[in-house]
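Residue numbers (our numbering): 13 to 238. Yeah, the Cβ is synthetic: ideal placement off N, Cα and C, and Gly gets one too. In what follows, a structure is listed as structure tokens, so that the remarks can point back to it.
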Amino acid sequence: RIRLLHGGGLMAGIGAAVKETYPDAELVAVQAEGASSLLASLEAGRPVECGNTRTIADGIAVKSLSDRTYEAARRWVDDVVTVDDEEIAAAILYALEEMKTTLEGAGAAPLAALLYKRPPTRFPAVVVLSGGNIDVNFLSQITERGLFRSGRLIRQRFLVPDRPGSLATLLAAVARERSNVISIEHDRLPSDCPPGYSTVILLLETRDRAHGEEVAARLCEQGFRS
């Protein structure tokens, strides 16, 4: 038995084909929380228009369903799952890293449902990944946000003595913890900095969240004030 997850324009066709072939299959439609017109319509018992659509999954950002789409959903869909933009972004990054696949927001929504909402099922799940039309700059932003969310990028602020060699000492300590420095901001005149100190903000690359927390703790133990 097969369980399908998807939403949007493919829903009716997938529903008709699968349900005719596998009547016991369960069809789960996935929508973005910021554009959940299908869920609202099924709950109301008629097509309804949702308010402003706000989601990175622009391919399924539909304000209202047509009568035909609503009838198809009412006939074929067994359940509706919504995912938020953070979950969609994390699914895009997961597909890049683990599946070597580039997905747009709409294409990653079903994967996000499987990864983070985990709809209960006793059967194997088939996830339809449809669409890789994503802007390169936006993909870079999604990747960076995902790295922050997973703890593999961390931003740390330190107070260091304002004298020659202090920055080098801090960077040497970071290197000993096997963390990579991505960028450095050095401000000698911040308003909240005590006299005789300067502020250093480091963007660090770590292995994972645990390593990032360990790096921060070890630097604090070595006397670098945050």
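Let me know the secondary structure DSSP gives residue i once reduced to three states.
{"i": "residue 69", "result": "coil"}
{"i": "residue 87", "result": "helix"}
{"i": "residue 113", "result": "coil"}
{"i": "residue 197", "result": "strand"}
{"i": "residue 184", "result": "helix"}
{"i": "residue 234", "result": "coil"}
{"i": "residue 135", "result": "coil"}
{"i": "residue 166", "result": "strand"}
{"i": "residue 149", "result": "helix"}
{"i": "residue 38", "result": "strand"}
{"i": "residue 227", "result": "helix"}
{"i": "residue 171", "result": "strand"}
Considering only C-alpha positions, which residue in the set the options is nearest to residue i?
{"i": "residue 237", "options": "223, 170, 176", "result": "170"}
{"i": "residue 186", "options": "176, 167, 137", "result": "167"}
{"i": "residue 140", "options": "147, 152, 124", "result": "124"}
{"i": "residue 39", "options": "96, 86, 58", "result": "86"}
{"i": "residue 214", "options": "36, 137, 34, 224", "result": "224"}
{"i": "residue 109", "options": "60, 159, 129", "result": "159"}
{"i": "residue 53", "options": "42, 77, 44, 193", "result": "77"}
{"i": "residue 249", "options": "91, 199, 146, 96", "result": "Absent from the structure is residue 249, since the part of the chain shown begins at 13 and ends at 238."}
{"i": "residue 193", "options": "35, 227, 149", "result": "227"}
Considering only residues of the same chain and omitting the five flanking positions on each side of residue i, which have a CB-CB separation below 8 Å?
{"i": "residue 127", "result": "99, 102, 103, 106"}
{"i": "residue 232", "result": "238"}
{"i": "residue 67", "result": "44, 45, 46, 47, 73, 97, 100, 117"}
{"i": "residue 220", "result": "162, 163, 164"}
{"i": "residue 80", "result": "24"}
Could you confirm whether any beta carbon from chain E is found closer than 8 Å to the beta carbon of residue i?
{"i": "residue 158", "result": "Going by chain labels, chain E is absent from the structure shown, which holds only one protein chain."}
List the endpoints of the continuous beta strand (DSSP E) containing residue i.
{"i": "residue 210", "result": "209-217"}
How is the alpha helix (DSSP H) around residue i delimited, first residue to last?
{"i": "residue 122", "result": "117-124"}
{"i": "residue 61", "result": "No alpha helix (DSSP H) holds residue 61; DSSP gives it neither H nor E."}
{"i": "residue 30", "result": "23-33"}
{"i": "residue 53", "result": "49-56"}
Quick one: what's got a C-beta closer than 6 Å to residue i's C-beta in the same chain, skipping five residues either side?
{"i": "residue 154", "result": "101, 104"}
Who pairs with residue i in a beta bridge, going by DSSP?
{"i": "residue 43", "result": "94"}
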